[in-house]
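Just so we're aligned: the sequence shown equals residues 1 to 231 in UniProt numbering.
Input: a single structure, listed below in structure tokens.
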Amino acid sequence: MTMMKPMSIPALLPKLAPLAFSNRPYSFSSSPSFASRAIYPRFVSPLSSPHRRTSLSLRAMSATSTATAPIAVGDKLPDATFAYLDEEGQVQTVSVADLTEGKKAVLFAVPGAFTPTCSQKHLPGFVEKADALRAKGIDTIACISVNDAFVMRAWGESLGVNDKVLLLSDGNLAFTQAIGVTLDLSDKPVGLGVRSRRYSLLAEDGVVKVLHLEEGGLFTSSGADDILKAL
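Here's what the structure looks like:
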């Protein structure tokens with residue numbers, strides 16, 4: 001049997017060189033030390049790649065640039081369409097312009113129908129003070145939530161709201177997003193998702209004259225008494 005003669009490193013190099021130019025994930029270098037590392041795969045972390053860092057940075061900038069600043073006193077309310085159920089249980093719609101044009105309107109929002117603070121304090125307070133608000137010249141009193149119109153109707157019936165306050169559904173968050181008051185509760189275990197921050201405002205002919213915007217769902221300054229004091 002013929003014995004194969006061991007090959008030296010210099011003799012192996014011509015046979016290994018083609019690997020450096022194949023489609024396999026190998027790295028080739030022309031530096032003096034390439035013989036010790038040329039045939040080992042080179043792992044490049046995606047997080048260390050400059051292209052990856054650029055992509056993450058662009059996404060972060062995009063998320064920041066699309067945020068809408070909350071509405072402020074002196075701003076014109078953007079037009080949007082709300083839904084509600086009439087006395088026959090039929091779905092009807094009403095626009096911001098319908099509610100505010102040529103009128104004094106009080107609009108207030110709650111994070112969710114049937115939730116404790118909204119049901120025990122916020123909405124009942126406006127129901128109780130509805131006559132006092134109208135005596136001060138308020139033409140429209142409306143409660144806005146991202147719940148659907150059917151939930152809003154059931155909520156109103158459970159609290160005996162009747163015609164004291166108009167309960168409006170902003171189910172697609174069109175108005176809530178337009179005035180920059182979304183509240184992301186997706187990390188909460190009760191599955192609330194994206195809601196509206198709590199607020200109350202007074203608008204005259206569609207222009208915001210008074211605004212009480214709460215932090216998240218807190219209830220400290222957006223009640224009916226707070227609006228009455230500002231009139």
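Idealized CB from N, CA, C, for every residue including glycine.
inquiry  = Suppose contacts are defined by Cβ-Cβ distances below 8 Å. Is residue 179 in contact with residue 82 by that definition?
reply    = No. Outside cutoff.
Residues of its chain near residue 57, where Cβ-Cβ distance is below 7 Å and the 5 sequence neighbours each way are ignored = Caution is warranted here: a pLDDT of 28 is assigned to residue 57, below 50, making its placement in the model unreliable, and the coordinate value is therefore given only provisionally. Setting aside the 5 residues that flank it on each side, residue 57 has no residue in the same chain whose C-beta is closer than 7 Å to its C-beta.
Whole-number beta carbon distance between residue 85 and residue 149, since they are thought to touch under 8 Å = Right, their Cβ atoms sit about 5 Å apart.
ask   = Any idea what DSSP makes of residue 98, helix, strand or coil?
value = DSSP, read as helix, strand or coil, puts residue 98 in helix.
inquiry  = Bridge partners for residue 204 per DSSP, in chain order?
reply    = BP columns for residue 204 point to 104, 207.
inquiry  = Within 10 Å of its beta-carbon, does residue 162 have 16 or more other beta-carbons around it, so buried, or fewer, so exposed?
reply    = With fewer than 16 Cβ atoms within 10 Å of its Cβ, residue 162 is classed as exposed.
message = I need the straight-line Cα distance from residue 225 to residue 125, nearest angstrom please.
response = Residue 225 and residue 125 have their alpha carbons spaced roughly 8 Å apart.
request  = For residue 169, count neighbouring C-beta atoms within 10 Å of its own C-beta (all shown protein chains included) and say buried if the count is 16 or more, exposed if not.
outcome  = Counting other Cβ atoms within 10 Å of its Cβ, residue 169 reaches 16 or more and is therefore classed as buried.
query = How many whole angstroms separate the CB atoms of residue 127 and residue 165, which I take to be in contact at a CB cut-off of 8 Å?
reply = Contact flag correct, Cβ pair sits at about 6 Å.
key: Residues near residue 75 by beta carbon distance below 6 Å, same chain, minus five either side   = Correct list, in chain order: 208.
message = Taking 8 Å as the limit between beta carbons, can you name the residues of its chain near residue 23, skipping five residues before and five after?
response = Note that residue 23 has pLDDT 42, beneath the 50 cutoff, so the model's placement of it is unreliable and the number below is only indicative. Within the same chain, no residue comes within 8 Å of residue 23 by CB-CB distance, once the 5 residues on both sides are set aside.
query = Below 8 Å between beta carbons: does that hold for residue 211 and residue 196?
reply = Taking 8 Å as the cut-off, the Cβ atoms of residue 211 and residue 196 do not count as close.
task = Count the other CB atoms, across all protein chains shown, that sit within 10 Å of the CB of residue 106; report buried if there are 16 or more and exposed otherwise.
result = With a threshold of 16 other beta carbon atoms within 10 Å, residue 106 meets it and is buried.
task = With DSSP collapsed to three states, give me the class of residue 159.
result = For residue 159, the secondary structure class from DSSP, reduced to helix, strand or coil, is helix.
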